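Colleague: So that we are looking at the same thing, I have put the structure below in C-alpha cells.
There are 2 protein chains.
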Amino acid sequence: MKTIPGLALVSADLVRVEHKMREAPHQDIEPLSMALDTLLKSGGKRVRPLLALLVSHLYDSLSDKVIALAAAVEMLHTATLVHDDLIDSARLRRGNPTLNAIWSPGATVLTGDFLFAWAANLAAQTESVRVMFIFSQTLMVICGGELGQLFHRPWRDQTRQDYDRRIYAKTASLFAAATEAAAVLASAPESKIKALRDYGHQLGMAFQIVDDVLDFVGTSKEMGKPVGSDVRQGIVTLPTLYYLGQNSDDKLLAQVLEGHANDGVVETLVARIREAGAIDAAMHDARNHVKQAQAALAGLPGNGYHQAMFDLAEFVVQRRI
Amino acid sequence: MKTIPGLALVSADLVRVEHKMREAPHQDIEPLSMALDTLLKSGGKRVRPLLALLVSHLYDSLSDKVIALAAAVEMLHTATLVHDDLIDSARLRRGNPTLNAIWSPGATVLTGDFLFAWAANLAAQTESVRVMFIFSQTLMVICGGELGQLFHRPWRDQTRQDYDRRIYAKTASLFAAATEAAAVLASAPESKIKALRDYGHQLGMAFQIVDDVLDFVGTSKEMGKPVGSDVRQGIVTLPTLYYLGQNSDDKLLAQVLEGHANDGVVETLVARIREAGAIDAAMHDARNHVKQAQAALAGLPGNGYHQAMFDLAEFVVQRRI
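Residue numbers (the working numbering), protein chains in the order written: chain A, -19 to 301; chain B, -19 to 301.
What follows is the structure, given as C-alpha cells:
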C-alpha cells in the first residue's frame, strides 16, 4: 500500500474541509491571515479529517456539519502544533519554518489561541452539544498529557503505563474524538458510537507507536529531523522503554537521556536499541492495537468505507512516513 | 458607593461559580491543580460572572446552566490573563506571583491552553449551541485584538478608532458576551438580548477607559504597578491619545513611548498629561458609555436587579480600583 487507504474515496470532501478551515474570520488582521496560509499550505497527512469523513460515509451521513467537524479536528491539531513547536523551540515542521521561527513568542502564543477559538467555532458549527463536550474534553486531555510530560518522572522510573497514557493524550485521544464525534453526527446507535471511538483510539495508539519507532529506524532525510530526536530530548518512547527493561545498566542511556551525549554517542545508542529487538517488540504492540482497531469494526455497516477503514489500520503499521 | 452594586444580591451564586470553576478535571496532574488553586485564590473582582448572574435574575432564570456560563466567562478571562502575563513578562498580578514567574514558558502556555479547554467545557455545560458560538467568537475577537496590538502602527499614527477597537476586543467583547449569553439562556426576546448585549458592551468600554485613566491617576500602591505603566510599554491609551492630539510635538512623548525614558521623564510626562485635561476628556467619554449602557436597560424588567445593573454602570466610572 503506497497511498493512504480511503483517501481517494473522500478527496472531494477533503477539498471542502480545506476551504472550511480557511474561512476563519478576522483575516483583515494581517498576521492571522499569513499564519493561517502558512500553516495550511504546509499541509500534513490530514488523517484526522479522513477518519471523520470515512465514519460519516460509513453511515451515508455526510453533511456540512461533518465538514465542519473534520475542519474542527484538524484545526485543533494545528493549534496544538503551533504551541508545541514554540515550547520545543522547533525551527522546522514538514520542511517549513515554524511560526515561532519567524515571530515573537507572544505572537505565536496568540496565534495558537486564535486557532483554538476557531476550532471551537468550527465544532459549534456541528450544532451538537455532545460534539462540543467531546471537543473540549479532548483538548483538556491533550494539554494535561503535555503538562504531565513537562513535569515527568526521572527517565529510569518511567513505566509502560506512563507511556500509554502519554500517547493516548498526545495522539489517540483526538483520533478517538474524530471517529466518535462523526458517529454522533451520524446518529449511530450508542454501541456503534462506542465501537467507532474504540477504532479511533486503537488506531491512534498504533499510529503513535509507529511514529516513535520511525524516530529510530527512519533516515533523517525521510523524517526531516535527526535520527533519535526523542532520546536526544530525554523522551522515553516505547523502543527505549523495552531496551531499558533489559539494559538498565547501559551507561550510554543515562548519557543520552540526560543530554550529555554528542551525535556519535546518540548514534551508537540508537544502533544498540535497533539491534536489541526493541523495535520488533514495539512494532508487535502496534500490530496488536491495529488488530483491536479492526476488531472494533465488526458489526458496523459493510461497505467500501468499512473496508477502507480496515485497510487504513493496516497501513498505519506499514507506513514509512 | 464603596462596594460593587449587585454583588450582595448574588453573593451566594458567586460562591457556586467559584466551586464550579474548581471542578476542572485532571487535577491528579499536580501542576494543574496547583495552577488552578493559585489563580482562583488570588481572586479578582468577578465582574464578568456578576453581569451574567444579574441578567439571569433580571429574568428570574437562575439555573445550573447560568452558573456554568458565569464560570465559563471568568475561566476564559483567567486563561487569557495567564497567556497575557507570559507575553508581557509580568511578574505579579493582584500582588501574587504570576504563573510565568514560577514556571517555564512551556508550562505556562499549556496551563493557559488547558484553562481555555475547561472554559469551553463549562460553556458546553450550558447545552446551548448559541452560547458556544458567542463564546468562541469572543475568544477570536480577544486574540485578534491582541495580535493586532502586537503588530500595531507606530504610536504617532494611532487613531481613536484603533483605540476603540482595541478596548472592545480586550474588555467590552467579553462583557457583552456575558450579558448576551445570560439573556439567551433566559430565553429573553431577541430585542432584549440585543439590549443586554449593548449594556455589556457599553459597560465594558467605560470599564476599560477608566482602567486606562487609573493608570495615570492612581498611585502605584493602589494599582500594584508603577504609574504610567502603559506609556512605559509604548501603549497609547485614551488620555495619551487626547494629549497627543494637542501636543504632538512634545519631545517627551517620543522619548517615553519609544522606551528611551527614565522614571523621572515618565513622571513628568504623566504630570503633563494629567494637567492638559486629557484625563477629564477621557472620563467624559467613559461617562458617555455609561449613559448608553443605562439607556440600553430601558424597557427591561423593572426589579431590584435592573436597579443594580443601572447602579453598576455608575460605579464603573467612580471606582478607584
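Backbone N, C-alpha and C fix where the C-beta goes; we use that ideal spot for every residue, glycine too.
Here the structure is a predicted model, which is why all the values come from computation and not from measurement.
1. Considering only the beta carbon of each residue, do V121(A) and V297(A) sit closer than 8 Å?
2. Rounded to whole angstroms, what is the Cα-Cα separation between S228(B) and V197(B)?
3. Closer than 8 Å between beta carbons: that is the criterion. Which residues of the stretch 6 to 26 of chain B meet it against chain A?
4. Suppose the cutoff is 6 Å on Cβ atoms and the five residues either side in sequence are ignored; what does the same chain contact list for N76(A) look like?
5. Can you determine whether any heavy atom of the ligand GTP sits closer than 7 Å to the C-beta of A168(B), and answer yes or no?
6. Measuring alpha carbon to alpha carbon, tell me which residue in L31(A), G92(A), V(-3)(A) is nearest A15(A).
7. Tell me the residue span of the alpha helix (DSSP H) that contains T60(A).
8. Counting only beta-carbon separations shorter than 8 Å, does E3(B) have a partner in chain A?
9. Identify, in the order they occur along the chain, each residue of the same chain with its Cβ nearer than 7 Å to the Cβ of E3(A), setting aside the five sequence neighbours on each side.
10. Measure from the C-beta of E294(A) to each C-beta in chain B and report whether the shortest distance is under 8 Å.
11. Taking T91(B) as the query, report the chain A residues whose CB atoms sit under 9 Å from its CB, ordered along the chain.
12. Between which two residues does the alpha helix (DSSP H) holding G125(A) run?
13. Should G124(B) and F94(A) be called a contact, given that it needs their Cβ atoms to be closer than 8 Å?
14. What residues from the stretch 41 to 63 of chain A come within 7 Å of chain B, judged by C-beta to C-beta, listed N to C?
15. Between the alpha carbons of A258(B) and Q188(B), how many angstroms are there, rounded?
16. Cα separation between I215(B) and G184(A)?
17. Taking only the alpha-carbon atoms, compute the straight-line gap between A149(B) and A156(B) and give it to the nearest angstrom.
18. I'd like to know whether the C-beta of V109(B) is nearer than 8 Å to at least one C-beta of chain A.
19. Hey, how far is the Cα of D192(B) from the Cα of P219(B)?
20. Start and end of the alpha helix (DSSP H) containing Q182(B)?
21. Please classify P85(B): does DSSP put it in a helix, a strand, or coil?
22. Can you confirm whether the stretch 49 to 62 of chain B touches the stretch -3 to 11 of chain B when touching is taken to mean that 3 or more C-beta pairs between the two stretches lie within less than 8 Å?
23. Between the Cα of G86(B) and those of I67(A), N80(A), S167(A), spot the shortest distance and give me the residue it belongs to.
24. Can you tell me which of I114(A), D40(A), L(-6)(A), A104(A) puts its alpha carbon nearest to the alpha carbon of A158(A)?
25. Measure the C-alpha to C-alpha separation of A32(B) and R73(B) and round it to an integer number of angstroms.
26. Go to R(-4)(A), then tell me how far its alpha helix (DSSP H) extends in each direction, as first and last residue.
27. How is R140(B) classed by DSSP in three states: helix, strand or coil?
28. One question on the structure: do R(-4)(B) and I47(B) come within less than 8 Å of each other, judged by their Cβ atoms?
29. Residues of chain A with a CB under 8 Å from the CB of M263(B): which are they?
30. Sort A99(A), P134(A), Q129(A) by Cα distance to T118(A) and report the nearest one.
31. By DSSP, does R74(A) sit in helix, in strand, or in coil?
32. Kindly indicate which three-state DSSP category E247(A) falls into: helix, strand or coil?
33. Smallest Cα separation from K25(B): which of G225(B), G(-14)(B), L38(B)?
34. Kindly provide the ranges of any alpha helix (DSSP H) runs that are 4 or more residues long and lie completely inside the stretch 220 to 270 of chain B, ordered along the chain.
35. Could you compute how far the alpha carbon of A262(A) sits from the alpha carbon of T60(B)?
36. Does N80(A) come within less than 8 Å of chain B when only Cβ atoms are used?
Modeller: This is what the structure gives:
1. no
2. 21 Å
3. H6, I9, E10, P11, L12
4. S22
5. Ligands are entirely absent from the displayed structure, and the ligand GTP is therefore not among its contents.
6. G92(A)
7. 44 to 67
8. no
9. none
10. no
11. C123, L127
12. 109 to 130
13. yes
14. H63
15. 16 Å
16. 46 Å
17. 11 Å
18. yes
19. 8 Å
20. 170 to 197
21. helix
22. yes
23. I67(A)
24. I114(A)
25. 24 Å
26. -9 to 2
27. helix
28. yes
29. Within 8 Å Cβ-Cβ: nothing; M263(B) doesn't reach chain A, min ~30 Å.
30. A99(A)
31. coil
32. helix
33. G(-14)(B)
34. 231 to 237, 243 to 255
35. 40 Å
36. no
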